[in-house]
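S.K.: Our numbering applies: residue 7 is where the sequence shown begins, and numbers increase by one.
Where a beta carbon is used, it is the ideal one built from N, C-alpha and C, also for glycine.
On a predicted model such as this, the values are computed, not experimentally measured, just so you know.
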Amino acid sequence: MTFNEQNTIEQYVISKLTGHIFATGADSVQPQYGKGIKWKYIPADELGRDEGEVIVEKILKDALICINPEIRDLPERADEVIYKLRAILLSVRDIGLVRANEEFTRWLQGDKTMPFGENNQHAPVRLIDFENLANNSFIATNQYRVTKGVTKIPDMVLLINGLPVVIGEFKTPVRPAISWLDGAVQIHDNYEKSIPELFVTNIFSFATEGRTFRYGSIRMPLEIWGPWRDESRNDKALGELFGFKEIEIAIESMFKPSVILDILEHFTIFATDKKNRRIKIISRYQQYEGANLIVKRVKEGIVKKGLIWHFQGSGKSLLMVFAAQKLRRAPELKSPTILIIVDRVDLDTQITATFNASDVPNIVATDSREELERLLRQDTRKIIITTIHKFAEANGTLNDRGNIIALVDEAHRTQEGDLGRKLRDALPNAFFF
């Protein structure tokens, strides 16, 4: 028997993910990554899709009818939505992959509306049910043939409600000269350019040869594709990450439907870089875990502080963006105020630049102590960027609301002296991280 990527790592990953046993063609065991919603394996040629189409429209239509009451009342409205989505797919070669993906991501996140309400009022259209995951279809498939002038066959595709959201490329684990990078190059330099339609709906892509796992967003330079760790695992030694352990960690943590949807909803942003180009950014594992720990602690409301230690280059600014974004969207927090506090007099910091470049809504930067006091006394519910020094002359309480969350940069330089005391006096019931 000749070993290759298809009969080794590809089948291993799909079996771990879905419980499908390729030797018998049966779903005879449970997926091995824990409880909850699972992926179902369906061979690509059984999806009912023409290879000239990148989405499975029958599955998408069923999901639209299931999730949206306005469409359930008039099922033909699903065809109107699909027509709009097809237009985005068709536009990708004219407007570019990042712009098309950004537009489709807004649909995926539930930010788009159509005149389906009473008296033709606009109502939100949901392609995915983020609240009740059981209302969605989660399918894993392989050898997903796509023909758009040329024919390409990605090794693995994960589809949510008929939309290909994760693309994976495998390389053989038995040839030392082959690495994950060969698969990533195939995605980045080949598939994304020759069949960009497949990536309009993409959340992230990944590549592995079994030893190393790396993932990235569309058009992300390959040198910054990252690993995915799970800090809750108690691996005895780094040596346990060799073999298939690294891809196993990704399957058991990152590939959970709930985690992929969390990344889509809260840990995906589009930004403008220094060359005025649109880029897509998704979180690294430490940003994902750090932001979610902050959100968890705020929701629990028991311990109202926390410390996150960073090394240089670990993505502190983006962690703050992701945490602020998720906190602002949490309905149970009732429109909280997020304070981003830096310790420099000049607000032109990397953190401020990251927030401004990321198009996060409802951001205001304070130009003076008086403006900061006014915003807090008037109970402004936004993301406020300020410096710790603007609290130096604060007299007493500025706002005693409990859903104010302060994210303090360079805390070791400011929080043990008078500035830290003034800050806490001004916001006595706030959370401090």
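1) How is the alpha helix (DSSP H) around P75 delimited, first residue to last?
2) Using DSSP with H/G/I as helix, E/B as strand and the rest coil, what is G189?
3) How many Å lie between L433 and N138 at the Cα?
4) Does the region 12-28 come into contact with the region 106-116, if we say contact requires no fewer than three beta-carbon pairs (one atom in each stretch) closer than 8 Å?
5) Could I get the ranges of all uninterrupted beta strand (DSSP E) runs contained in the region 126-173, with 3 residues as the minimum, in chain order?
6) Mind listing, in chain order, the continuous alpha helix (DSSP H) runs of no fewer than 4 residues lying wholly within the region 220-286?
7) Return the bridge partner residues of S211 from the DSSP annotation.
8) How far does the beta strand (DSSP E) with V348 in it reach, from first residue to last?
9) Run through DSSP, which three-state label would I15 get?
10) Return the residue from the list F210, K262, F110 and E306 that minimises the CA-CA distance to S97.
11) Spell out the partners DSSP gives A363 in its beta bridges.
12) Does DSSP classify A371 as helix, strand or coil?
13) Counting pairs of beta carbons, one from the region 324-332 and one from the region 360-369, are three or more of them closer than 8 Å?
14) Let me know the secondary structure DSSP gives I389 once reduced to three states.
15) Tell me which same chain residues have a C-beta within less than 6 Å of the C-beta of E175, skipping the five on either side of it?
16) When DSSP builds the beta bridges, which residues end up paired with V414?
17) Does the Cβ-Cβ distance between R112 and A50 come in under 8 Å?
18) Using the C-alpha atoms, what's the distance from A277 back to D424?
19) Is P202 near L339, with beta carbons less than 8 Å apart?
20) Under the criterion of a Cβ to heavy atom distance below 7 Å, does N142 qualify as lining the ligand ADP?
21) I'd like to check one pair, I369 with L381: are the Cβ atoms closer than 8 Å?
22) For G296, report the span of its alpha helix (DSSP H) as first-last.
23) When you compare only the Cα positions, how much space is there between I308 and A412?
24) CB-CB under 7 Å to R383, same chain, minus the five flanking residues each way: which ones, in chain order?
25) What residue from V366, F144 and K428 has the CA that sits closest to T393's CA?
26) Under the rule that 16 or more other beta-carbon atoms within 10 Å means buried, what is I173, buried or exposed?
27) Kindly indicate which three-state DSSP category T355 falls into: helix, strand or coil?
28) If you check the beta carbons only, do N107 and I134 fall under 8 Å apart?
29) Spatial neighbours of K242 within its chain, please: CB distance less than 8 Å, with the 5 preceding and 5 following residues excluded, ordered by chain position.
30) Can you give me the Cβ contacts of T386 inside the same chain, cut-off strictly under 8 Å, excluding the 5 residues immediately before and after it?
31) Ignore the nearest five residues each way along the sequence and tell me which others in R132's own chain have a CB closer than 7 Å to its CB.
32) If you compare alpha carbons, which of E57, F136, G402 and F437 is closest to K302?
33) Could you give the DSSP three-state label for I394: helix, strand or coil?
34) What residue range is occupied by the uninterrupted alpha helix (DSSP H) comprising Q331?
35) Rounded to a whole number of angstroms, what is the C-alpha to C-alpha distance between E16 and P227?
M.R.: Concretely, from the data shown:
1) Looking at the DSSP string, the run of the alpha helix (DSSP H) that includes P75 is P75 to D79.
2) Here G189 sits in helix by DSSP.
3) Rounded to whole angstroms, the separation of the alpha carbons of N138 and L433 is 36 Å.
4) Result no; under three Cβ-Cβ pairs closer than 8 Å.
5) Fully enclosed beta strand (DSSP E) runs of 3 or longer: 144-148, 152-154, 156-158 and 162-166.
6) Qualifying alpha helix (DSSP H) stretches, in chain order: 251-255 and 263-272.
7) Looking at the DSSP assignment, S211 forms a beta bridge with I173 and G222.
8) Counted as a single uninterrupted DSSP element, the beta strand (DSSP E) harbouring V348 occupies residues T343 to V348.
9) Here I15 sits in helix by DSSP.
10) When only C-alpha atoms are compared, the closest one is F110.
11) For A363, DSSP records no beta bridge to any residue.
12) In the three-state reduction of the DSSP assignment, A371 falls in the strand class.
13) Result yes; three or more Cβ-Cβ pairs closer than 8 Å.
14) The DSSP-derived three-state label of I389 is strand.
15) The beta carbon of E175 sits closer than 6 Å to those of D161, G189, Q192, I193 and A213, all from its chain and outside the five residues before and after it, given in chain order.
16) I347.
17) Result no, Cβ atoms of R112 and A50 do not sit closer than 8 Å.
18) C-alpha separation (whole angstroms): 36 Å.
19) It is not a contact, given that the beta carbons lie outside the stated cut-off.
20) Annotation note on the ligand ADP: not contained in the displayed structure, which lists no ligands.
21) The Cβ-Cβ distance between L381 and I369 does not fall below 8 Å.
22) For G296, the enclosing alpha helix (DSSP H) has its first and last residue at Y291 to E306.
23) Roughly 16 Å between the two C-alpha positions.
24) Once the five neighbours on either side are set aside, the close Cβ partners of R383 are L404 and N405.
25) Residue K428 is the option with its Cα nearest to T393.
26) Buried.
27) The three-state reading of DSSP puts T355 in coil, since its state is none of H, G, I, E or B.
28) With contacts defined by Cβ atoms closer than 8 Å, N107 and I134 do not form a contacting pair.
29) Any reading at K242 must be qualified, since the residue scores a pLDDT of 45, below 50, and its modelled position is unreliable; the value itself is stated next. Excluding sequence neighbours, K242 sits near nothing in its chain.
30) In the same chain as T386, and ignoring 5 residues on each side of it, the C-beta atoms closer than 8 Å to its own belong to T343 and V370, in chain order.
31) Non-local C-beta neighbours of R132 in its own chain, meaning closer than 7 Å and more than five positions away in sequence, comprise I73, N74 and G116, ordered along the chain.
32) Closest option to K302, Cα to Cα, is F437.
33) Three-state result, I394: helix.
34) Here the alpha helix (DSSP H) through Q331 covers K322 to R335.
35) Going by the C-alpha atoms only, they are around 24 Å apart.
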